[in-house]
DNA sequence: AACCTTATTAGGAATAATTCTTAATAATAT
DNA sequence: ATATTATTAAGAATTATTCCTAATAAGGTT
C-alpha cells in the first residue's frame, strides 16, 4: 500500500508543529475551520506516528499530547494545567547506554518530569482553587 | 473528609501488589470473585494514587498498568505484549539533580524504556504474526 | 490533459474506557 | 450502642477512540 500525501495529512502534521504540544481536541478544534473530520485527525496521527514524524506524550490525568520529531528532548508535564514543555537533559546517550545493557531489545526511551510548570507555579494558589 | 480503611480498598491495593503490574481489567477480573465492583476498583485506584501508595505506568497503545510504591525503579514496556517490567537504572539521583535546575517546580520524574521484553524477543516471529 | 486505480476522506455508527448517580451499607467517633 | 457520613454496588451517562461505507481525490499511466 503506497502512502499518499493528502492535504488533510499535511494539515494534521502542520497543526502539531504549529500548536504547542496539542491534544487531539486542540488539533480538531484548530482544523475544524478547514473541514477536516475528527476521524481523519485520529487516523493521520496514527499514520504520522508510524512514519516517525510525530510522537505521543502521555500525560497522567490529562489528555495525551503530540509533538513533532526534531532534536531529541524530554518533557515536563504540569500537574495543574496538563500542558507539556520541552526541556534539554544531558543524559540521553547515558540512558541509551543503559538500554544496551538491559535484557530486552530496547528501541527507545523517554524521561517524563512532572510538577508545576512556570506559568502555574506563579499562579499556584489561583490554579489550585480552580481545580479543587 | 476523613479517609476510611475499607476491605475493598485493601483488596485493590493487595491486587496491585499481588499481580505483576496489572491493568484495570486484570484487577477487576481478579477481584470479581470477591464481589468488588468495577467502579470501586477505579475509585480506589485514584484514592491509592492520591495517597502515594501506588502509581500508574502509561503504556503507549495498550492499557495503563499500576505498580505499588517501593524502592524507586523504572520500567520497560513491551511493544508486543504491552506488559511492564522493572529495571534498575543508576541515574535516579542524577535526574533528580537535573530537575532542581529546571525552571519549574518538579515533584518527580520517570524513565520509560520501550522495546521487546525478554519473553517477546524470543518469540517475536510468532508474536508478530499474532499481532499483524 | 483525461483516465484509472485505489488510498483516503467525511460523517456517523459502534465500541471501549471512565466517570457519575443513588439508595444502601459499613467504618469510625462518640 | 448509636449516630454520622464516607464508601459501596449497580448500572446509567459520558467521553474517547475506532470502525464502517459510499464518495472523493492523489498520483501514476497513457
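Residue numbers (the working numbering), protein chains in the order written: chain A, 112 to 243; chain B, 112 to 243.
Positions of the beta carbon are idealized from the N, C-alpha and C atoms, including for glycine.
Reference residue i, options the options, closest by Cα
| i | options | result |
| --- | --- | --- |
| residue 129 of chain B | B:229, B:177, B:190 | B:177 |
| residue 141 of chain B | B:159, B:122, B:156 | B:122 |
| residue 185 of chain B | B:226, B:117, B:168, B:215 | B:168 |
| residue 114 of chain B | B:159, B:136, B:147 | B:159 |
| residue 154 of chain A | A:183, A:117, A:182 | A:117 |
Alpha carbon of residue i to alpha carbon of residue j, nearest angstrom
| i | j | result |
| --- | --- | --- |
| residue 207 of chain A | residue 199 of chain B | 14 Å |
| residue 143 of chain B | residue 173 of chain B | 22 Å |
| residue 212 of chain A | residue 202 of chain A | 16 Å |
| residue 229 of chain B | residue 145 of chain B | 33 Å |
| residue 215 of chain B | residue 162 of chain B | 23 Å |
DSSP bridge partner residues for residue i (one or two, in chain order)
| i | result |
| --- | --- |
| residue 230 of chain B | DSSP lists no partner for residue 230 of chain B. |
| residue 176 of chain B | B:168 |
| residue 223 of chain A | A:186, B:221 |
Same chain, Cβ closer than 8 Å to residue i, five either side skipped, listed in chain order
| i | result |
| --- | --- |
| residue 138 of chain B | 123, 126, 127, 130, 152, 156, 177 |
| residue 136 of chain A | 174 |
Cut-off 6 Å between Cβ atoms - residues of its own chain near residue i, not counting five sequence neighbours on either side
| i | result |
| --- | --- |
| residue 195 of chain A | 132, 168, 176, 186, 188 |
| residue 119 of chain B | 147, 151 |
| residue 134 of chain A | 174, 176 |
| residue 183 of chain A | 203 |
| residue 149 of chain B | 139 |
Beta-carbon contacts of residue i that lie in its chain and below 7 Å, excluding the five residues immediately before and after
| i | result |
| --- | --- |
| residue 210 of chain A | 217, 220 |
| residue 164 of chain A | 124, 179, 180 |
| residue 190 of chain A | 225, 226, 227 |
| residue 231 of chain B | 189, 191, 192, 238 |
| residue 222 of chain B | 185, 200 |
| residue 197 of chain A | 184, 186 |
| residue 170 of chain A | 176, 188, 193, 195 |
(request) Counting only runs of 4+ residues fully inside the stretch 183-220 of chain B, write out the alpha helix (DSSP H) ranges in chain order. (result) Counting only runs of 4 or more, we get 203-212.
(request) Please specify which runs of the beta strand (DSSP E), each continuous and at least 3 residues long, are wholly inside the stretch 137-169 of chain B, giving them in chain order. (result) Correct list: 165-168.
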